[in-house]
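Quick notes on the structure that follows.
Protein chains: 2
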Amino acid sequence: MGEHREQGYTPRQRAVLERALELLVAGGEKAVTTAGVARAANCSKESLYRWFGDRDGLLAAMIAHQASKVRTFADDGEPMDRVHFRAHLVAFARDLLDVLSGEVSLALNRLAIGQASREESRLGRLLVAQGRRRIDEGAIALLEAGRRNRHIAYDDADDAYRTLYGLVVRDLHVRMLLGESGARRHEKFAAMAEGAVERFFALHGVREKERADTA
Amino acid sequence: MGEHREQGYTPRQRAVLERALELLVAGGEKAVTTAGVARAANCSKESLYRWFGDRDGLLAAMIAHQASKVRTFADDGEPMDRVHFRAHLVAFARDLLDVLSGEVSLALNRLAIGQASREESRLGRLLVAQGRRRIDEGAIALLEAGRRNRHIAYDDADDAYRTLYGLVVRDLHVRMLLGESGARRHEKFAAMAEGAVERFFALHGVREKERADTA
DNA sequence: ACAGAACCGTACCGTACGGTACGGATAGAG
DNA sequence: CTCTATCCGTACCGTACGGTACGGTTCTGT
Chain X
1018 MGEHREQGYT PRQRAVLERA LELLVAGGEK AVTTAGVARA ANCSKESLYR
1068 WFGDRDGLLA AMIAHQASKV RTFADDGEPM DRVHFRAHLV AFARDLLDVL
1118 SGEVSLALNR LAIGQASREE SRLGRLLVAQ GRRRIDEGAI ALLEAGRRNR
1168 HIAYDDADDA YRTLYGLVVR DLHVRMLLGE SGARRHEKFA AMAEGAVERF
1218 FALHGVREKE RADTA
Chain H
1018 MGEHREQGYT PRQRAVLERA LELLVAGGEK AVTTAGVARA ANCSKESLYR
1068 WFGDRDGLLA AMIAHQASKV RTFADDGEPM DRVHFRAHLV AFARDLLDVL
1118 SGEVSLALNR LAIGQASREE SRLGRLLVAQ GRRRIDEGAI ALLEAGRRNR
1168 HIAYDDADDA YRTLYGLVVR DLHVRMLLGE SGARRHEKFA AMAEGAVERF
1218 FALHGVREKE RADTA
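Chains as they are written, first to last, in the numbering used here: chain X, 1018 to 1232; chain H, 1018 to 1232.
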């Protein structure tokens, strides 16, 4: 068969998932009906069921498909001066805010949260595992690099990362999930990222003289 | 009419809302059917529609009903020493974690988030306005009292509060909403509250000598 | 005691959706 | 050219739910 699938799904199937995501963003979970997706994507319901099993399989496929678009920090082991490390942190904070405030991200998180009550939250675990986990690991790698270069200090990397996350996101994610329009002030994200990193250094930063002492 | 309504709803109606909340906690939004609520509460669907208008009205009433059970810090204007202020902060942090991790709270937040896509997120705004807002105001009053007594310092009370919130909650709320079972480690909340307040003082605390200087 | 309102339980209606089946079109394999 | 597999479009089925109607019962105010 000549179908060249890049990520587990054929191009045709990915196109269908894209249309399904558009429906989800526009109208929430209830807008993602099998008939609606088939009509929007110009495919038959029969094909949907052959490709994704059932409606839940389709929803899971939408999450898996979207999760295959996350970039992350790669630790190259090279030394990094304080200015660059700080810039990396600010960039991470800004990226995080951008990702969390994205329409598709919000729609998928709403979907997974809405399903969390029943069926032991399959979609929630899928979303965390495929989306969030990779972001977390990239950020922790960044923190480890910062500690190795004596820019910051902490005992528990995971704990430090969660503190950074809290300082950056605060209650913004939930407010956006709840639909509070004022929360998505995209133009304020840069200042928010700066402030968060500033506070993070106040908690975990190593002063230059101390850095020399412990080096 | 002899019906003594305490909070906008008669006792009978509140009992019905309680049963509806149980259904919501047990099975999510889809479990809250008009027939199901009527059966569980031993009332007729006709009464449900007379009391709450339609299904959305019932959901809104559930939120309003639940929101009428929030205690908050009341600022009495009296001086407060540092130990007591710190204890108040830790108690607030612990209360916040307890509230957010409560089954009913999680279920209602999931409900409001699930509806946030369509109908301009009525329930979301209702939940924020009736539930969260009061918690926020109580906490900000507490912070103001702490600043008045020179225990902490900040420029923007709202900004300082959001920092505190982020340090306390981090990404815990969203993880719980997604159904991550490991997130609801109830027994760790005390330590988390302590740590968060510790960090908050590191950012906004006023040292005793500085306190004397500026007094 | 009586009238009227509120209420319960059940039955009923229309609709929308998940899932299946089928006929016809298309395209690649031999 | 023919056979076969995939696919589209539509029609179809069963169910579940939101909302309404109605008869019978209990409660309330006078």
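By construction, the Cβ of each residue, glycine as well, lies at the ideal position given by its N, Cα and C atoms.
Among the CB atoms of chain X, none fall inside 9 Å of the CB of H:Gln1147. Residues of the same chain with a CB within less than 7 Å of the CB of X:His1221, apart from the 5 flanking positions on each side, are Ile1169, Ala1170, Tyr1171, Ala1177 in chain order.
The criterion of a C-beta distance shorter than 9 Å is satisfied by X:Leu1194 and H:Leu1194. Between the alpha carbons of H:Leu1123 and X:Glu1225 lies a distance of about 45 Å. Spanning the alpha carbons of X:Thr1027 and X:Glu1063 requires a straight line of approximately 17 Å. Boundaries of the alpha helix (DSSP H) harbouring X:Val1033: 1028 to 1044, taken from the DSSP string. Taking the Cα positions, X:Trp1068 is about 11 Å away from X:Cys1060. With 16 or more other Cβ atoms from the protein chains shown falling within 10 Å of its own Cβ, X:Asp1188 counts as buried.
Beta-bridge partners of X:Gly1222 (DSSP): X:Ile1169. For X:Gln1083, the enclosing alpha helix (DSSP H) starts and ends at 1072 to 1084.
For H:Val1087, the three-state secondary structure derived from DSSP is coil. Leaving aside the five residues that flank X:Arg1103 on each side, the residues in its chain whose CB is nearer than 8 Å to its CB run, in chain order, His1168, Val1214, Phe1218. A distance below 9 Å separates the beta carbons of H:Asp1073 and H:Arg1139. Membership of X:Asp1092 in any alpha helix (DSSP H) is not indicated, and neither H nor E is assigned to it by DSSP. In this structure, X:Ala1078 sits away from X:Ala1058, with a CB-CB distance that is not shorter than 9 Å.
Exposure of X:Ala1052 is indicated by the presence of fewer than 16 other C-beta atoms within 10 angstroms of its C-beta. Rounded to the nearest angstrom, the Cβ distance from X:Ile1080 to H:Gly1131 is 16 Å, too far for a contact under 8 Å. Counting C-beta pairs with one atom in each stretch, the segment 1086 to 1097 of chain X and the segment 1149 to 1169 of chain H have fewer than three that are closer than 8 Å, which means they do not touch. Relative to the Cα of H:Gly1025, the nearest Cα in the group H:His1101, H:Val1121, H:Gly1119, H:His1082 belongs to H:His1082.
Counting the other Cβ atoms within 10 Å of the Cβ of H:Val1223 gives 16 or more, which makes it buried. Selection X:Glu1046, X:Gln1030, X:Asp1112 evaluated against X:Ala1207 yields X:Asp1112 as nearest (Cα-Cα).
Of all residues in the segment 1181 to 1200 of chain H, the ones placed with a Cβ closer than 8 Å to any Cβ belonging to chain X are Tyr1182, Gly1183, Leu1184, Val1185, Val1186, Arg1187, Asp1188, His1190, Val1191, Arg1192, Leu1194, Leu1195, Gly1196, Glu1197, in chain order. Residue environment for X:Val1100: exposed (fewer than 16 other C-beta atoms within 10 angstroms of its C-beta). Between the alpha carbons of H:Arg1164 and X:Ala1133 lies a distance of about 41 Å. Around the C-beta of X:Arg1149, 16 or more other C-beta atoms lie within 10 Å, and the residue is accordingly described as buried. Taking a 10 Å sphere around the C-beta of X:Gly1183, we find 16 or more other C-beta atoms and assign the residue as buried. Among the residues of chain H, those whose CB is under 7 Å from the CB of X:Ser1138 are Leu1195, Gly1196, following chain order. The CB of H:Ile1080 never comes closer than 7 Å to any CB in chain X; the least such distance is about 11 Å.
H:Ile1130 has a beta carbon lying within less than 9 Å of a beta carbon in chain X. If you ignore the 5 residues before and after X:Ala1156, its C-beta comes within less than 6 Å of the C-beta of Phe1109, Tyr1178, all in its own chain and listed in chain order. Listed along chain X, no residue sits closer than 9 Å to H:Ser1085 by beta-carbon distance, the nearest being about 19 Å off. For X:Val1087 and H:Val1033, the gap between their C-alpha atoms comes out near 46 Å.
At a beta-carbon threshold of 7 Å, the residues of chain H lying near X:Leu1144 are Leu1195, ordered along the chain. Contact between X:Asn1126 and X:Leu1144 is confirmed by a C-beta separation of about 7 Å, below the 8 Å threshold.
Listed along chain H are Arg1216, Ala1219, Leu1220, each with a C-beta nearer than 8 Å to that of X:Leu1220.
Cβ neighbours of H:Leu1128 within its own chain (closer than 6 Å, five residues either side excluded): Glu1046.
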